[in-house]
Each structure stands twice: as C-alpha cells, then as structure tokens.
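A.B. asks: Below are the structure tokens for one structure; questions will follow.
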Amino acid sequence: MAHVPGLQRPLDGIRVLMLVDEDYEDLELWYPKLRLEEAGCHVTVAGFMQGRTYAGKHGYPCTSDAALGDMEVGDFHGIVIPGGWMPDKLRRHEKVLDLVREFAAHGKLVAAICHGGWIPISAGVYRGVRVTGSPGIKDDLMNAGAIWEDTPVVVDRHFVSSRKPADLPAFMAVIVDVLAAAAVV
C-alpha cells in the first residue's frame, strides 16, 4: 500500500494469515483483510491452491495469495479465520488444525468470527478460553470447553472472537490493538 499522509499505520511490519475456501462469508474475509492492510499489515490469504479463485457465500471472489500447505506459523504474527460454511470444510484438514494449534501454542493471535470458531474447536485450542461466535455454534463452543459470552467481541489473551458481520467494527478494532501490542513486545 502506498504511503498516504496522515494515515496511521500501527501494524507496519506485522504479517497475518487469513484462510479462504469455497463458501466463506464475504464480509468476514474482506472487511478484516482491507482493515488490516489499511493499518499497514501484510495479509496473506491462503487456500488449498495458490492463485485459485474461491467464491464467497454471496458470490464475491477471492484469489488466494498462497497455498495452505506452504504456510509456516513463524512467518506470521497471527491468523484470522472468517466464517461462512468454509470453516466446516477446512477443519477436516490436519494442516489447518496444526497451524491453528501452533499459533495458539506460541501465544500469537487466533481470531475467529461467526462460524470461524469451528476451526479452533477442531484444533482443540478453546478449552477454558472465553469466546463468542455465531449462536449457531454456541453448543459446539461450550462442548469444546470454551466459556461462552454473547457479546460483539471477546478477548482472552491472544484469542479474539466475534459473532457476526454486524460486529466487524468491534472485532477489527480489538484485532488491531492486539496485534499492535504484540508488535511492541
């Protein structure tokens, strides 16, 4: 992104991984991606194939920057997991679960919105973590040992979660703060 006078870029030098596959929730991928880039973050969107175009639930396309199989946690400061039906597909793949486990184990940002929480559930990283998510996965979250809260955004250490597209402004404000704080450490 070109330098724009007066634009604050608190995330210069920060790198974030985002996941994509068919039937992602369009707003839950694009709003975070653009907001993070606006703040100076380098965002890599990874799907199973680099350069493949995936369709969102509402038809908006997203072309992956990289292949999931090539992703290494050491290259990133965090991961953002959009919702939609995509997380139910991706959580069936060990590489995706291993990535999320490693982000969690290293104390790096693990952010999920709406049905995105399905992936951390399957990765086994939500036990004892305060979270929110789509009411449709509330039972799944609780059965995984998470502590459910019905609020727009929940922060528990390096875990950030949110419920739905309408909560995106709060979700992203917190993610920017968490990443900016991690950058200073």
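Using the working numbering, the first residue of the sequence shown is number 4, and each one after it goes up by one.
Each residue gets a CB set at the ideal place from its N, CA and C atoms; glycine is no exception.
Identify whether Gly16 lies in helix, strand or coil by the three-state DSSP scheme.
C.D. replies: Looking at Gly16 - three-state DSSP - the assignment turns out to be coil, as it is neither helix nor strand.
A.B. asks: How far does the beta strand (DSSP E) with Phe162 in it extend, from its first residue to its last?
C.D. replies: Segment 162-165, the beta strand (DSSP E) holding Phe162.
A.B. asks: Could you give the DSSP three-state label for Cys44: helix, strand or coil?
C.D. replies: Coil.
A.B. asks: Just to confirm the assignment, what range does the alpha helix (DSSP H) spanning Ala126 have?
C.D. replies: Taken as a continuous stretch (DSSP letters only), the alpha helix (DSSP H) holding Ala126 covers 121-126.
A.B. asks: Which value, in whole angstroms, describes the spacing of the CA atoms of Ala69 and Gly54?
C.D. replies: Each residue's Cα considered, the two are about 7 Å apart.
A.B. asks: Tell me which same chain residues have a C-beta within less than 6 Å of the C-beta of Gly87, skipping the five on either side of it?
C.D. replies: Asp26, Tyr27, Glu28, Lys60, listed in sequence order.
A.B. asks: Just the C-alpha distance for Ala184 and Asp170, rounded to the nearest angstrom, thanks.
C.D. replies: Those two C-alpha atoms are separated by around 22 Å.
A.B. asks: Suppose the cutoff is 8 Å on Cβ atoms and the five residues either side in sequence are ignored; what does the same chain contact list for Pro85 look like?
C.D. replies: Around Pro85: Met21, Leu22, Val23, Tyr27, Glu28, Glu31, Leu32, Pro35, Ile116, Cys117, Gly119.
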